[in-house]
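Enquirer: Please find one structure pasted underneath; my questions will follow.
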Amino acid sequence: MPPIHVISKETIKPSLPIPQNSIKLSLLDQIAPEIYTHLLLFYSTTSTDLQKLPQKLKISLSKVLNQFYPLAGRIEVPVNGTLHINCNNKGTVFIEAYSNTDLNAFLLSCPINEFKELLPVKNSMFKHSEPLLLLQFTKFLNGYGLGVSISHVIADGASMALFLNRWAETARGEEEDRLAMPCFTSASTLFPPKPLKIVYQEPKEPLENSKVVIKRFCLSSSSIRRLRSESAYKRSEKPSRVEAVSALVLRSVMRVTGRERMAKVLVSQVVNLRSRLKGLSDFSIGNLWTGGVRDIEREGRQEEVEKVLREVVREVNEETVRKEAEKIFTFKNEVKGQDDEKGRRKKRWIFSSWCRIPLYKSDFGLGEPEWIGCGIWNMKDVCILIDAKDGEGMEAWLWMERDEMDRLENDEEFLSFVSF
C-alpha cells in the first residue's frame with residue numbers, strides 16, 4: 009500500500025480535573041499478557057464532514073476520559089509490590105495521518121500484513137512506563153481507519169469495546185451524565201492483587217517469527233447453521249455458534265498438525281466472567297476473563313472435541329478462576345522465564361471469542377464500521393472469533409505455523425464451511 013503520512017501526534021488529557029489517586033489492579037490483571045491489544049476499525053464514507061472528524065474525535069476523547077481517567081495514567085509497582093494505576097494524568101496519545109489510498113480496494117485485499125502501519129504502536133510488548141491507550145486516525149480517499157492500541161494489563165476485549173462505544177456516544181453528543189459509569193475496581197475487589205517477589209523487568213520485544221502466518225476465514229450464517237445441526241455431541245440443545253465454530257477449528261488443526269509435534273492438545277478456552285460472577289457487570293473494566301484448560305487426545309472424535317469445549321466453559325466459577333489465577337501468578341512470580349512445558353509433547357491452542365462484543369456499534373457520527381480487524385501479530389496457535397458485520401456470520405482469525413496453515417487450507421471438512 010502507499011505510505012502512511014503522519015500529520016500530528018498529540019497527548020490528550022481529560023477535559024476536567026481528575027482524582028489524583030491510585031487504583032489497584034486485580035490478580036487477573038497481574039497475570040494478563042504484558043502486551044498491547046491492537047484493533048482496527050474501518051469506516052467507509054464520502055461525507056464532507058470527514059475533514060472535521062479528527063478534531064471532533066480529539067474533543068470527545070478528552071471528554072470521555074473524564075469517566076475513563078485511569079486510561080490517562082501509568083502503571084506503577086509501589087513498595088508493597090502490587091500493581092496499580094497511578095492516575096497522574098500523563099494522558100493518552102492521538103495520532104492523525106492520511107493515505108492516498110482507496111479504502112474499498114485496500115479492504116478487498118484483506119491486508120492483514122499491512123495493519124501495523126495503521127496502528128499507533130508498532131510493537132507487541134507493553135512496558136509500565138508507556139501510555140496505556142494510544143489511537144491513530146488515518147484518512148483514506150473515501151473513509152478512515154481507527155487504530156487502537158490498549159494495554160492488556162488493564163483491559164480485555166470487552167473493556168476496550170465499552171470504551172470505544174462510550175467514546176462514540178460522546179462524539180455523537182449524548183449526555184455523559186446519563187451514561188452508566190465504568191468501574192475500574194470491581195475486579196480487584198473480587199480478586200485482590202498479590203505482592204510480587206521478583207523485581208519488575210521490562211518485557212523484551214520478541215523477534216517476529218517468519219514461520220507464523222495470520223489468516224482470517226469467513227463463515228456465513230448458513231454455514232454456521234449447518235455446522236450446528238451436524239453436531240455429533242448428543243445433548244438436548246444444539247451447540248452455540250461459538251462452540252460449533254471453535255470445534256470445527258480445533259478438529260481441523262488437530263488433523264493438520266504432524267503427529268511428531270503433538271501427542272495431545274492442551275485446549276484453553278477464554279471465558280468472559282462478567283455475567284458469571286457476582287459483583288461484576290458489563291461496565292466492569294479490567295481482565296475479567298479466564299482460560300479454562302483441558303487436555304484432549306490428538307485423535308479425539310468429533311463428539312469428544314465438542315464435549316470438551318462445552319465442559320471447559322461450564323466448569324468456570326469463582327473458585328476455579330481463583331485457583332487457576334493463583335497457580336499462574338505463583339509461576340510468574342517465582343520461576344519467570346522458565347518453560348513450563350519444556351519436553352512435553354503437548355501443543356497449546358488458545359480459543360477466544362469477541363462475538364457479541366458490540367464493536368460494530370462504534371459510530372462516531374459518520375456511520376458504523378464496515379469491517380473490524382485484529383492487529384495482534386506476535387502469537388502462535390491462537391484462534392480469535394469475531395462477528396461479521398451482519399451479526400450472523402463470523403470470522404475465524406488464526407495464528408499458525410506456515411506449513412500447518414498450508415495444510416489447513418486444503419483440509420476437506422474445513423473448506424466445506426469456510427471461505428477465504
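Numbering (the numbering used here), first residue to last: 9 to 428.
Glycine included, each C-beta is placed from N, C-alpha and C at the ideal position.
Remember, predicted model here, so these are calculated numbers, not experimental data.
Measure the Cβ-Cβ separation of residue 383 and residue 114 and say whether it is below 8 Å.
Expert: no
Enquirer: Would you give the residue range spanned by the alpha helix (DSSP H) that residue 69 belongs to?
Expert: Following the DSSP letters along the chain, one finds residue 69 inside the alpha helix (DSSP H) bounded by residues 61 to 72.
Enquirer: Between residue 74 and the rest of its own chain, which residues show a CB-CB distance below 8 Å, the 5 nearest in sequence each way excluded?
Expert: Same-chain partners within the cutoff: 22, 23, 24, 26, 184.
Enquirer: If you follow the beta strand (DSSP E) that residue 104 is part of, which residue opens it and which one closes it?
Expert: 100 to 106
Enquirer: One question on the structure: do residue 462 and residue 232 come within less than 8 Å of each other, judged by their Cβ atoms?
Expert: Residue coverage of the chain in this structure runs from 9 to 428, which leaves residue 462 outside it and unanswerable.
Enquirer: Candidates 251, 156, 247: which alpha carbon is nearest residue 49's?
Expert: Nearest C-alpha to residue 49: 156.
Enquirer: What are the start and end residues of the beta strand (DSSP E) that includes residue 274?
Expert: 272 to 280
Enquirer: Determine the contact status of residue 52 and residue 179, defining contact as a CB-CB distance below 8 Å.
Expert: no
Enquirer: Mind checking whether residue 362 and residue 391 have CB atoms under 8 Å apart?
Expert: no
Enquirer: What beta strand (DSSP E) runs, 3 residues minimum, are completely inside the region 312 to 380?
Expert: 354 to 361
Enquirer: Return the bridge partner residues of residue 404 from the DSSP annotation.
Expert: 225, 393
Enquirer: Determine the DSSP secondary structure at residue 296, reduced to helix, strand or coil.
Expert: coil
Enquirer: Can you check whether the CB of residue 385 is closer than 8 Å to the CB of residue 397?
Expert: no
Enquirer: Helix or strand or just coil, what does DSSP make of residue 212?
Expert: Correct three-state label for residue 212: coil.
Enquirer: Per DSSP, what kind of secondary structure is residue 302 in: helix, strand or coil?
Expert: strand
Enquirer: Less than 8 Å between C-beta atoms, sequence neighbours within five positions excluded: which residues of the same chain meet that for residue 174?
Expert: 72, 75, 76, 187, 190.
Enquirer: Here's a check: name, in chain order, each residue in its chain whose Cβ is nearer than 6 Å to the Cβ of residue 120, leaving out the five neighbours to either side.
Expert: 222
Enquirer: In the structure shown, what three-state DSSP assignment does residue 177 receive?
Expert: helix
Enquirer: In this structure, what does DSSP give as the bridge partners for residue 387?
Expert: In DSSP, residue 387 forms no bridge with anything.
Enquirer: Report all residues from its chain with a CB closer than 8 Å to the CB of residue 284; omit the five preceding and five following residues, and keep chain order.
Expert: 324, 325
Enquirer: Taking just the CA atoms, how far does residue 359 sit from residue 402?
Expert: 14 Å
Enquirer: Assign residue 153 to one of three DSSP states: helix, strand, or coil.
Expert: In this structure, residue 153 counts as strand in the three-state DSSP scheme.
Enquirer: Should the region 126 to 140 be called in touch with the region 77 to 97, which here means at least 3 C-beta pairs below 8 Å?
Expert: yes
Enquirer: State buried or exposed for residue 414, treating a residue as buried only when at least 16 other CB atoms are found within 10 Å of its CB.
Expert: Exposed, because fewer than 16 other Cβ atoms sit within 10 Å of the Cβ of residue 414.
Enquirer: Could you say which of 288, 132, 133, 388 lies nearest to residue 198 if we only look at CA atoms?
Expert: 288
Enquirer: Residue 345: buried (16+ other C-beta within 10 angstroms of its C-beta) or exposed?
Expert: Summary for residue 345: the model assigns pLDDT 40, below 50, so the residue's position carries little reliability; its value from the coordinates is reported in the next sentence. Its Cβ having fewer than 16 others within 10 Å, residue 345 is exposed.
Enquirer: If you follow the alpha helix (DSSP H) that residue 38 is in, where does it begin and where does it stop?
Expert: In the DSSP annotation of this structure, the continuous segment of the alpha helix (DSSP H) that includes residue 38 starts and ends at 35 to 38.
Enquirer: Flag this pair as touching only if the region 34 to 41 and the region 321 to 340 have three or more C-beta atom pairs under 8 Å; answer yes or no.
Expert: Cβ pair count under 8 Å is three or more, so yes.
Enquirer: How close, in whole Å, do the beta carbons of residue 409 and residue 219 come, if the pair is a contact with beta carbons under 8 Å?
Expert: 5 Å
Enquirer: Can you pull the DSSP bridge partners for residue 382?
Expert: 47
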